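These notes concern the structure reproduced below.
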Amino acid sequence: MSRNATLDHARLLAAIGIVWFHSGAPGSGIGYAALPFFIMLTVFLALQAAQKTEVAPYVRTRVKRLLLPFLVWSLIYGGLKVVDATSAGRPISSEFAWWMLGTGPALHLWFLPFAAVVTIALHPAGKMVRSLPPALCGMIAAAVATLGFLWLSQPPMPPRPFGQWLYGLPAVAAGLLLALSQGLGRPNSLRSLLVPSGVLICVSALAAFAGWAGAEQLLFASLCLVLCIALPTAPTPLSHAAAGYSLFVYLVHPIALSVIDRTTSLPRDG
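Have a look at this one:
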């Protein structure tokens, strides 16, 4: 299957959505829909790659794309924490905690090890796609999503990083459902995605009924991803640049927001 440039442009828009959310600007709540969008897209593409790639090169690719940036940016944010603590006269040990092993020294970095673990664990599912009926796969994914929603609705939330990882579980199931649905009808067509779209709407409604705060964002992200898959465009240099810059924008934006906070008096709602 050729590269879908629509997804590349959507990646950059989603990264901007994360910045919007963390900026606390008016209406920023909808920007958090970018997180489930990123998770679903990561699972969707990884499952397709798993169908064509043996486990060793597949794992190497996940490590290179996800864990290596996690280590590099953990060093960057860890260094900034040391500098900040030293300049403020605080003990360096006060800047670090055990849970940072799963999130890095900046909380937003949790997405990288989470995505690495999830996509590596899903490799066997990619091999199973060819042997299981698509409808059965869809029902399994919907059941997993439903269980995830119900689990998330039960307080209290576990400590970091488990709370963040648990929060991403429904989006993992949604991305799995979309990937498995490619066996229904012509791949990447709107018709092939009608069934999973209906299921996603139902489980999002169930999540809302259960009182989960992220149900609206998940539904919005799901429908956006369905449209991106159903309306592919040809890759261009601009789309490749958008895909490349999206991760950088996501990783660096807390630094930019911190600089703005310290050098301006702009009001923030968040």
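For the sequence shown, the numbering used here begins at 1 and goes up steadily by one.
Built from N, CA and C at the ideal position, the CB exists for glycine as well.
Predicted model, so just to flag it, every value in this text is computed and none were measured.
Quiz item: Ends of the alpha helix (DSSP H) at F44?
Solution: 34-52
Quiz item: Is V199 buried or exposed, if buried means 16 or more other CB atoms sit within 10 Å of its CB?
Solution: buried
Quiz item: Going by alpha carbons, who is nearest to A125 out of A46, L251, W20?
Solution: A46
Quiz item: Mind checking G270: buried by the 16 CB within 10 Å criterion, or exposed?
Solution: Annotation note: pLDDT 44 at G270 (below 50); position unreliable, no value reported.
Practice problem: Could you check if H123 is buried or exposed, using at least 16 other CB atoms within 10 Å of its CB as the buried criterion? | Solution: buried
Exercise. Report, in whole angstroms, the separation of the C-beta atoms of L41 and L225, which I expect to be a contact under 8 angstroms.
Key: 6 angstroms
Quiz item: By a C-beta neighbour count over all protein chains shown, 10 Å radius and 16 as the cutoff for buried, is L238 buried or exposed?
Solution: Residue environment analysis places L238 among the exposed positions, since fewer than 16 neighbouring C-beta atoms fall within 10 angstroms of its C-beta.
Quiz item: For L101, which of A33, P113, S94, W212 has the nearest alpha-carbon?
Solution: P113
Quiz item: Under the three-state reduction of DSSP, which class applies to T276: helix, strand or coil?
Solution: Absent from the structure is residue 276, since the part of the chain shown begins at 1 and ends at 270.
Exercise. Just the C-alpha distance for F248 and C228, rounded to the nearest angstrom, thanks.
Key: 21 angstroms
Quiz item: The alpha helix (DSSP H) with I18 in it runs from where to where?
Solution: Start and end: 5-23.
Quiz item: CB Q164 to CB I30, shorter than 9 angstroms?
Solution: In this structure, I30 does not lie closer than 9 angstroms to Q164 by Cβ.
Exercise. For A15, count neighbouring C-beta atoms within 10 Å of its own C-beta (all shown protein chains included) and say buried if the count is 16 or more, exposed if not.
Key: buried
Quiz item: From M235 to I39, what distance separates their C-alpha atoms?
Solution: Checking the sequence shown, residue 235 turns out to be Pro, not Met. Roughly 22 angstroms between the two C-alpha positions.
Quiz item: What are the boundary residues of the alpha helix (DSSP H) that includes E216?
Solution: Per DSSP, the unbroken alpha helix (DSSP H) holding E216 starts and ends at 215-230.
Quiz item: If we ignore side chains and look at the alpha-carbon of each, how far apart do L194 and R3 end up?
Solution: 22 angstroms
Quiz item: Whose C-beta lies closer than 6 angstroms to the C-beta of A85 among residues of the same chain, with five residues either side of it excluded?
Solution: The residues are I92, E95.
Quiz item: Whose CA, out of V118, S246, P232, lies closest to the CA of Y58?
Solution: V118
Quiz item: From S204 to Y167, what distance separates their C-alpha atoms?
Solution: Cα to Cα, the separation comes out at about 14 angstroms.
Practice problem: Can you grab the Cα-Cα spacing for the pair T233 / A243, in whole Å? | Solution: 14 angstroms
Self-check item: Contacts around L251, its chain only, beta-carbon distance under 6 angstroms, and the 5 residues preceding and following it disregarded
Solution: W73
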